[in-house]
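A.B. asks: Just passing along the structure, written as structure tokens.
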Amino acid sequence: MSDHQGFRPTPSFGAPMTNAIEMRGVSKRFGPVIANDDVSFAVKKGEIHAIVGENGAGKTTLMNILFGLYHPDTGEIIINGEKVEVDSPRRAISLGLGMVHQHFKLVPSLTAADNVFLGIEKTRNGLIDHAAQIAQTREFSEKFGLSVDPEAIVANLSVGIEQRIEILKVLVRGAEVVILDEPTAVLTPQESRELFRTLRGFTDQGMTVIFISHHLSEVMAVSDTVTVLRDGKVVGTRPTAELGEDDLVRMMVGRNVSFSRRKRPRTDGERILSLKSIWARDNRGLPALQDVSFDVHGGEIVGIVGVDGNGQTELAEVISGLRHVSHGEIVLHGQKIQDGDPRLVRHAGLAHVPADRLHRGVDKADTISGNILMGRQDEAPWSSRGVINWRYVRERTEELIKRFDIRANGSRTLVKTLSGGNMQKVVLAREFSRAMPFLLVDQPTRGVDIGAMEGIHDEIMRQRNEGAAVLLISVQLDEIMTLADRILVMFAGTIAGEVDADTATEDEIGMLMAGRNLSAAAAPTVNEAS
Amino acid sequence: MEVLGDIFNLALIAATLRTTAPILLVALGGTFTTKAGIFNIGLEGQMLIAAFFAVLGSIWTSSAIGGVLIGMMAAMIFAGTFSLLVVTLRANEVVVGLALNILAGGLTISLTKAIFGTRGSIVNPDIVGFAPVNIPIIDDIPGLDRVLSGYTPLVYLAFILVFVVWIIFYRTRLGLHIRVTGEKPEAAEALGINPNTMQHIASLMCGALAGIAGAHLSLGYITMFAENMSAGRGFMAVAVLIFSNGDPVKVLLGCLLFGFSDAMALRLQTFGFPSYLVLTVPYIVTLAALFMLTYRQRPKIIRETLESMSLVRRQEP
Amino acid sequence: QAEDLSIAAVSGYFAQGFGISIVNGLERAEQELGVNVQIVDTGQRALDFEEQFNNLARGGDFDVILVMGWELVDALMTTAEAHPDQRFVFIDGVLESDNITYIDFIEEEGSFLAGALSSMLVEQGVEGFDNGSEVGFVGGRDIPVIRNFLMGMEQGVDSASEDVGVSSVFAGSFDDPAKGSELAMTLYGQGIDIIYQAAGPTGEGVLQAARAAGKYAIGVDIDQCPSAPGHILASMLKRADIAVFDLIQGEVDGSAPIAPGTVEVGVASGGVELKICEDMMERIPAETIASLEEMRAGIASGDIDVALNR
Amino acid sequence: MSEQSETRELTPAKAPVAMPEWLHSLLGTLLAISIALLGGAVIAIMVGESPFHVFMTLLRGAFGGPDRIAGSLLQSTPIIISGIAACIAFRGGLFNIGVEGQLYMGGFAAAWVGFSFVLPAPLHLTLGIAAAIAAGALWILIPAFFRARYGTNEVVSTILSNYVAILLTSYFTIFVFKRPGGWSETAPISTTAELPQLFEFSRLNWGLFIGVALAVGLHMFLTRTTAGYSMCAMGSNPKFAEYGGVPIRRNVFLILLCSGAVGGLAGGVETLGVHHRFMEGFAPGFGFDGVIAALLANGHPILTIFTALFFGALRAGSLLMEVETNASRELITVVQAFIILAVSAQLLVRRRRDSQAGERRWKY
Ligand SMILES: Nc1ncnc2c1ncn2[C@@H]1O[C@H](COP(=O)(O)OP(=O)(O)OP(=O)(O)O)[C@@H](O)[C@H]1O
Ligand SMILES: Nc1ncnc2c1ncn2[C@@H]1O[C@H](COP(=O)(O)OP(=O)(O)OP(=O)(O)O)[C@@H](O)[C@H]1O
Ligand SMILES: [Mg+2]
Ligand SMILES: [Mg+2]
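What follows is the structure, encoded as structure tokens:
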């Protein structure tokens, strides 16, 4: 039993600078794409090691190789000074590795404890000993300050908690090296801070942490060492203390990127979108939006921030016609649209970048041109009299591939062969090229690298300056601060407050996001209810 | 009223249990593939091939148990082929399932001819079937004896298996892993549970139960083999599985519903209703149940809105 | 000359009692008379039938083609028209064409006797059959051919007793013995003691249910007494084996070459009969057997007319 | 759905070019067929026949002369049409296992129009075909409505409605419209309602062209038109299509209705073109053949023509094989099943390799 539980303290003997992990000359090709090209790097025991790089730089691939999910074409892996063959995740776990994937791998219908012990169930008389699993989950959760309710059903939990369960899974399996792939992509600033506190706790106890991130500020704040990947190659590994943020950016993209609040011309547009007292339910039938009202005018960017799962998803769905409105009125460009008909909304003037790009935003089985066509298959010159003008579609697609710097082999490339960031660019290319009066942009830079992020921000600003009304939903506060004219903070399905983007401070918004300005009695608990 | 008394009596309950048993057995088998995320339309064929080999095995071993075991083995070979093609070679589930059904039909007839030199059915005094089991205490209680006693052993087994399968799914590692494989294979894979292996295991377990179902048809329900004697029971099981989502208890309810309406329909015929129309009753009842279930699960938008609004109003004093 | 005689037999029902009986006759002819026999199973798809007949007739390889099954009639007529020299024998019915040999089994006559037997036993309250005023019938599918059995039975039941009625049910399938068994159980559960079945393999289920319920059944087409000894009263035989063998023998020895016309096989010719099972003889009162024999003679002589409203 | 779970490598991430893929799957199919034929040869030897003789007979039965070829085409016709019915649903992400039932209803409705009315030829035939289409659509109406409105699984509801359709048409045939003196069949349709035959020597009729035209039409529809594009997007990722403004519920309803209508047409073509009457239980398994043909073609309408032709030829050949060799129809069935298994495994291995474990999962 003890094999599986708790961390093993680092042996006190041996050189203090031993490498926990070393990868040498690792290469991996996917067909013509070289995802990793002769990558070598080392992670010291007890450090927090960040891996950064643009979309498609090969970070995830590298970690998958380390964790035994992919087999490298060449190269070797050395763990604790010993050359090892990591041919399966099972083997990786037995070597003391643990991985928290970018996309969580929890089973929604099971409890937190069941998920934690999945694959290493405790049994008594051949039957699963649920009581023991719950007790042990609770114990671990308390020991590492993760506060997870072991008996909660995962389907009812927020992303932040889900991530903690993923971390518990790794801990219970006795990991000494914890790998996290873009762990903060879905977290609030507070949650992120919490996470890094936890991670620092791990290293204090002698464990090693590797994490992938696109957020340079957090990399600067928490990591001890940074490895930068570009186009599948290692650009360098440096102690964080020796680097400035600018250096990092230069290493990643080979140029400087400004990341401050955008200057903006004043624009006074007419009212494009108006929500009046909107109520809606989530998939489980629980109230998700309660009495939400606001307007968006042409030429402004309204930012919506909030912790994931406070109604932003539902808000976006309601506006785009994908979710039925229980009560209230939405008017878009002079047209009432609460019937839950996405087609009608699109015709009324909506362009929409959905948060869930893998499932909503693209058809992975189709080509890029097939994806670019979606939403305007009824419009000339894309089609005429019900017949699609594929020639035109392809020409426009090639053009957009260039303009949005989509790394692909032309318009006939299947979307499922693209990296996550490039899939997102396909969505952006489609929606931003529509010149619609209203733009609904939901987590546009989730999982997108910093170089691409700048381009996306440019596009959003350009749409605003051309007079479009933009509703920008993001869990990344700095993104909202950079772009928005006005900021609405969502909490528990309501608009908890509106702040002026020019004057607001991050802490002020953080308080609103946490629902702290509402009296406890009046705050309806929505998302945690089961 | 008298007519109603004739239709609804203890014999109806007994008939319901009898007609339910074979579908229940094969549907319980199907819960494994359903939970593992495989759509198994090949249950019909597995049942048929098992019915045939159970008869053969019964003759070879001169024992009904031997027959069941050999029937199960035959069905498991089919199930193994199914999962080999579907899981390992990634062929289309429906194509493979339907093709295996066709294969079972052709194979049983060819083998009947080759081994027994006859066509159609195997009726043979050498076939050892199951004798009805009379339960001692219950047998002395009038009424209950007709309902609970006197079935062949596999009927009892069918109903006991509902609980066994439930325990497997919700209390054992194997069951948990099968469920996870069906619900979120990438989660299973990441934890070192090989989804393919689990699907193979699930398919084989399905084959084992479908085998028992087939053996029950040819050694329990009656003692003979006839061409295509599974007579659509495997397809019915597929239907029950889909709308019960593989949950053993719901499977039991679905099978009982079908068994009951089937038993009812047979009874109605003796009152002079035309057979063709009466024979549609079980299918129509099951369809109606299916539609009603999904209708009841429809989003209750208006009611929910009112509810949530009043909920909030209560909180604002 | 016998070696030269090639016979094809075509049907979708070689798996069932009557078809098996035909195959038995053909096999006997193959062994004893040395003719060549090719058995062609049509299956159930109407689309195939004509093609199959064409394949058989166009080569001229077969001297005689035996056909059984009403669904083949159209294909048979078309082919007979296209190949006027080909000799066809249609078993169990008479059609409009004059160029075909018909062997017509009058199954309703045998069914009449089966009905009469069960009716008399129930009416007289013979030990074991004393429960109720009804007898049962289980058919495969509710199709005209099976209705013939039922109509014959009903007349037999009526003629033996005014007070006994027939409760008839259909399984909807010829290959579902489990359903046959369940139907029989239902009838037995309603107090019926004797069931006559005309349902192919489904009927086997009825016979087995008779044993399970401790009740009685009457077999059909072939001698089914061994299926559930002690529980089968009798079998209504359609001796297709004899009829087919005789037909071929007549052709082979030249005594009666196969030629267009109708051979009626009924109670009179002995090709249709009700065979009381040996082990039942002592259970059935002598006077019942006597009146059954009387009826048989009546049918044979034409005094009793078993009518069908076809 | 994430990259991490993908342990198998993707096919080259370059644009799929039409021709090699075609060629590849064609070669794969041929290989699979050879494997299955090898299995058939073993069986032939087991029944004491020379495999060569058996196969030659099979080939001769399928292609030995114009009438034989016509016979193969005749057998293929209903499989093509019911295959297209299955394709329509399949490409829209739906499953119509009820083609069998729609075929029976369509066949009956067409025959009913055929024998009940006295009308001039073109009108009578048109009306008969319309009735078949309407009956097929009607037969899937309730399952389609519940699928579209409440998400009721269409696989179950269409399987169950098959049984009802077959029993119901039997009832009507035997108890309401039986031809006096006949077997379980209705009166013949009047000649004005007959679908014209193509040749003197075969019952092959215009149904074949209806089938081919449907397949080509469906292909054009799917690849060229806006509606077809929307339908394919729906079949491949309904959430994406919904987001893109494709009216999912309405389309689900319409797609199933069309699929059912074509299923009905398959039956109508059979009764109006071949049998000229409705015969109880006349076409067991045609619907399933169509579903298999469509699935083997991976929902591609043009490929479906070829898989259906293959099945039809096999069937036509087997009819002669049964007469001329000792290999009987069950053995043919066995070989046929082997072929389907071999082809399905072979064809889809390459196609499916890039799909992820979760995507093969049946969506309930
Ligand atoms: N399974 C695969 N098959 C084919 N190509 C792949 C596969 N996985 C990754 N790639 C390709 O390898 C390259 C590196 O991808 P990887 O996912 O490692 O990038 P990443 O650095 O994690 O990017 P992101 O920040 O967008 O997540 C990309 O070009 C991607 O398209
Ligand atoms: N008897 C069995 N029948 C069916 N499946 C089984 C059986 N035993 C184990 N499995 C399954 O096979 C897989 C491997 O199980 P195994 O017991 O070998 O794991 P293990 O090596 O003990 O793992 P750990 O050390 O993590 O407990 C598991 O998914 C398990 O559910
Ligand atoms: Mg990545
Ligand atoms: Mg007759």
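Chains as they are written, first to last, in my numbering: chain A, 1 to 530; chain B, 531 to 847; chain C, 848 to 1157; chain D, 1158 to 1521. Ideal placement from N, C-alpha and C gives every residue a C-beta, glycine not left out.
#1: Could you tell me whether the Cβ of Leu-706(B) comes closer than 8 Å to any Cβ of chain A?
#2: So that I know if they touch, is there some Cβ in chain D lying closer than 8 Å to that of Ala-544(B)?
#3: Pick out whichever of Val-426(A), Leu-69(A), Asp-291(A), Arg-407(A) has its Cα sitting closest to the Cα of Ile-34(A).
#4: So is Glu-1140(C) buried or exposed if we call it buried at 16+ other beta carbons inside 10 Å?
#5: Could you name the residues of chain C that Leu-1477(D) contacts, counting a contact when the two beta carbons are closer than 8 Å?
#6: Could you list which residues in chain B have their beta carbon closer than 8 Å to that of Ile-128(A), in chain order?
#7: Between the region 1399-1414 of chain D and the region 1331-1338 of chain D, do three or more beta carbon pairs fall short of 8 Å?
#8: Should Ile-723(B) be flagged as near chain A, meaning a C-beta pair shorter than 8 Å?
#9: In the DSSP output, which residue or residues are listed as bridge partners for Phe-1017(C)?
#10: If you run the structure through DSSP and keep just helix, strand and coil, what is Gly-1108(C)?
#11: My assumption, with CB atoms under 8 Å, is that Gly-1271(D) sits in contact with Ala-1322(D). Please give the rounded CB distance.
#12: In its own chain, which residues sit with a C-beta less than 6 Å from the C-beta of Ser-679(B), not counting the 5 before and 5 after it?
#13: Does the CB of Leu-540(B) have a neighbour CB from chain D at under 8 Å?
#14: Going by the DSSP bridge assignment, what does Lys-28(A) pair with across the sheet?
#15: Please return the same chain residues whose Cβ sits closer than 6 Å to the Cβ of Leu-1230(D), not counting the five positions on each side in sequence.
#16: Please report the residue range of the beta strand (DSSP E) in which Pro-1277(D) lies.
#17: Which same chain residues, not among the five before or five after Gly-944(C), have their C-beta less than 7 Å away from its C-beta?
#18: Do Thr-546(B) and Ala-793(B) have their beta-carbon atoms positioned less than 8 Å apart in this structure?
#19: Contact between the region 755-766 of chain B and the region 1016-1031 of chain C: three or more CB pairs below 8 Å?
#20: Just to make sure I have the definition right: I need the residues of chain C whose C-beta is within less than 9 Å of the C-beta of Leu-498(B). Which are they?
#21: From what residue to what residue does the alpha helix (DSSP H) around Asn-946(C) run?
#22: Determine which residues of the region 456-476 of chain A have a Cβ less than 8 Å from any Cβ of chain G, and write them out in chain order.
#23: Using C-beta distances below 6 Å, list every residue in its chain close to Leu-1313(D), excluding the 5 sequence neighbours before and after it, in chain order.
#24: Please return the same chain residues whose Cβ sits closer than 7 Å to the Cβ of Tyr-860(C), not counting the five positions on each side in sequence.
#25: Could you list the residues in the region 1371-1398 of chain D with a C-beta less than 7 Å from some C-beta on chain A, going in chain order?
#26: Using a Cβ cut-off of 8 Å (strictly closer), state whether Pro-516(B) contacts chain C.
#27: So with Cβ pairs under 8 Å, would you call Phe-821(B) a contact of chain D?
#28: Quick check on this structure: which residue in Leu-782(B), Met-606(B), Asn-726(B) has the alpha carbon closest to the alpha carbon of Ile-690(B)?
#29: Taking only beta-carbon positions, decide if Leu-1324(D) is within less than 8 Å of chain C.
#30: Straight-line CA distance for Gly-1019(C) to Leu-1325(D)?
#31: Would you mind working out which of Glu-1125(C), Arg-1143(C), Gly-1117(C) sits nearest Asp-951(C), comparing C-alpha positions?
#32: Under the three-state reduction of DSSP, which class applies to Leu-1155(C): helix, strand or coil?
#33: When you compare only the Cα positions, how much space is there between Ile-1382(D) and Gln-377(A)?
#34: Looking at the structure shown, is Tyr-1063(C) part of a helix, part of a strand, or coil, going by DSSP?
#35: In chain order, what residues of the same chain have a beta carbon less than 8 Å from the beta carbon of Gly-890(C), not counting five sequence neighbours either side?
#36: Using a Cβ cut-off of 9 Å, which residues of the region 145-163 of chain A contact any Cβ in chain B, in chain order?
C.D. replies: Considering the structure as presented:
#1: Interface flag for Leu-706(B) against chain A is set, since a Cβ pair is found closer than 8 Å.
#2: Not closer than 8 Å to any Cβ of chain D, the Cβ of Ala-544(B) fails to qualify, so no.
#3: Of the listed residues, the one whose Cα sits closest to Ile-34(A) is Arg-407(A).
#4: exposed
#5: Asn-902
#6: Arg-701, Thr-702, Arg-703, Leu-706
#7: no
#8: So yes, Ile-723(B) belongs to the interface.
#9: For Phe-1017(C), the pairing in a beta bridge is given by DSSP as Gly-986(C).
#10: Here Gly-1108(C) sits in strand by DSSP.
#11: In fact, because the Cβ distance is near 19 Å, the residues do not count as touching under 8 Å.
#12: Asn-664, Ile-665, Ile-668, Asp-669
#13: no
#14: Asn-36(A)
#15: Leu-1361, Leu-1365
#16: No beta strand (DSSP E) holds Pro-1277(D); DSSP gives it neither H nor E.
#17: First, the amino acid is wrong: residue 944(C) is Ser here, not Gly. Around Ser-944(C): Met-924, Ala-927.
#18: yes
#19: yes
#20: Nothing about residue 498(B) can be reported from this structure: the residues present for chain B run from 531 to 847 only.
#21: Careful: Asn-946(C) lies outside any alpha helix (DSSP H) and carries neither H nor E.
#22: Here chain G cannot be found, since the structure's protein chains are A, B, C and D.
#23: The residue asked about is misnamed: residue 1313(D) is Val in this sequence, not Leu. Contacts found: none.
#24: Gly-866, Met-915, Gly-916
#25: Arg-1381, Thr-1382, Thr-1383, Ala-1384, Tyr-1386, Ser-1387, Ala-1390, Ser-1393, Asn-1394, Lys-1396, Phe-1397
#26: Only positions 531 to 847 of chain B appear in this structure, which leaves residue 516(B) out of reach.
#27: yes
#28: Leu-782(B)
#29: yes
#30: 12 Å
#31: Gly-1117(C)
#32: coil
#33: The question names Ile, but residue 1382(D) is Thr in the sequence shown. Taking the straight line joining both Cα atoms gives about 9 Å.
#34: strand
#35: Gly-859
#36: Those would be none; no residue qualifies.
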